[in-house]
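Structure first, then comments.
In the working numbering, the protein residues as written are 426 to 849.
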């Protein structure tokens, strides 16, 4: 009992409960906002917005050139504050350059690209500057994470979510889809201004912060590039479904229903992600202590298994009632993909997300590259084949299968590494 109380006190002191409660609050706000958004926009507009947002997310696969992951890894390992700030300064520069590149790609796509849902071009153009603000805010969040200021990070995350949802809902209520996008801009800009209270010291002494050495730049660039590939392929598992449904079926109503099916299972990823946000710096700092990593990862798996199994079971049993109550009768056709994706949540949250993060934390990022690359290729092949055969439901089956495959492969590698003779 004393050990449990001791762990609870440590979790409170180091900000775990602040992060977890913050993520719960964020997801409640996002989810509640999504419910109201579905009611404010008609099904056609919601499908158009979902498709346009999905297209933007494809371009954002190269957002920051992976520098946010590099900052998290190397910033966490750096012990002195001034060294951490060197990485922050460099990351901001790379983040800005990457987003200028993304905007240029977007403009070229809008000029020369062809879309079956043509109205998405205008919406995509309106959202083209959002990546700059989102990357800037992400780097602010990571700066607080690497300094283990989890309470402050939780505060700015809550404010950001609240302002974004409020801006989107007010904008959508008065000006429908266009107002929604304007609200997103207002929300993120106000969030950045609020976060300055926690990082102004860095900017006051900006010129005094020395640049990273060329060797350090190469190290973080190399890590960031591999992380970029890993994250890009990993994100494809979530966004390729809607893109291919839009391309192969091109029906805004089907897109809207499938998007609804994904909302709750995807939103619930905040549970494993909240845990990883908190524990990642500790695993990175103790990456050379294999015994510590092994014991703590096994404990992580045990708790994750029971919690996520219970959540998935509830979602499957009450799927019809959940969809009817939350989204309305118009979206009951989303029930089957909702059930499949709820099962997928169990495998992703229990095996895939934890193993992928810990593999990164111990520096074995190349393995994640191969795992995510194979998973991404398999996902695209399965999506195309199954969507053509059985429609949008095929996309949910493809996602489930890939979550199982990538999670199993990741854990086999991690356990082999942690129990290898060299580290026993």
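Every residue gets a Cβ at the ideal spot worked out from N, C-alpha and C, and that includes glycine.
Nonlocal neighbours in the same chain, by C-beta distance under 6 Å from residue i, ignoring five residues either side
i, result
"residue 476", "542, 545, 671, 680"
"residue 496", "512, 516, 567"
"residue 811", "819, 822, 823"
"residue 701", "782"
"residue 479", "664, 667, 668"
Residue i, enclosing alpha helix (DSSP H) - first and last residue
i, result
"residue 826", "817-843"
"residue 552", "Premise fails: residue 552 is in no alpha helix (DSSP H) and is neither H nor E."
"residue 470", "468-484"
"residue 505", "Where residue 505 is concerned, there is no enclosing alpha helix (DSSP H), given that its DSSP letter is neither H nor E."
"residue 780", "778-786"
"residue 757", "Element bounds for residue 757: n/a, residue is neither H nor E."
"residue 775", "Note, residue 775: premise wrong, no alpha helix (DSSP H); not H, not E."
"residue 742", "715-742"
"residue 674", "First-last for residue 674: undefined, no H or E at that position."
"residue 709", "695-710"
Own chain partners of residue i with C-beta closer than 7 Å, once the 5 adjacent residues on each side are dropped
i, result
"residue 665", "804, 805, 808"
"residue 749", "757"
"residue 792", "784, 838"
"residue 796", "831, 834, 835"
"residue 459", "688"
"residue 509", "500, 503, 571, 572"
"residue 734", "771"
"residue 764", "741, 744"
Residues near residue i by beta carbon distance below 8 Å, same chain, minus five either side
i, result
"residue 466", "474, 597, 601, 602, 605"
"residue 565", "581, 617, 620, 623, 624"
"residue 753", "463, 464"
Test: residue i CB closer than 7 Å to a CB of chain C
i, result
"residue 579", "Here chain C cannot be found, since the structure has a single protein chain."
Within the chosen definition, does the region 792-807 reach the region 828-846 through at least 3 CB pairs nearer than 8 Å?
yes
Flag this pair as touching only if the region 593-611 and the region 725-734 have three or more C-beta atom pairs under 8 Å; answer yes or no.
no
At least three beta-carbon pairs within less than 8 Å, the region 635-643 to the region 607-614:
no
Residue ranges of each beta strand (DSSP E) within the region 583-625, 3 or longer:
none
Below 8 Å, can you find three or more Cβ-Cβ pairs linking the region 508-516 to the region 579-593?
no
Would you say the region 707-718 touches the region 746-760, given that touching needs at least three Cβ pairs under 8 Å?
no
Using 8 Å as the cut-off, can you tell me whether the region 770-790 makes contact with the region 833-847, which would need three or more C-beta pairs spanning the two stretches below that distance?
yes
Three-pair Cβ contact test at 8 Å for the region 524-544 versus the region 643-663:
no
Stretch pair the region 484-504 + the region 651-658: three plus CB contacts closer than 8 Å
yes
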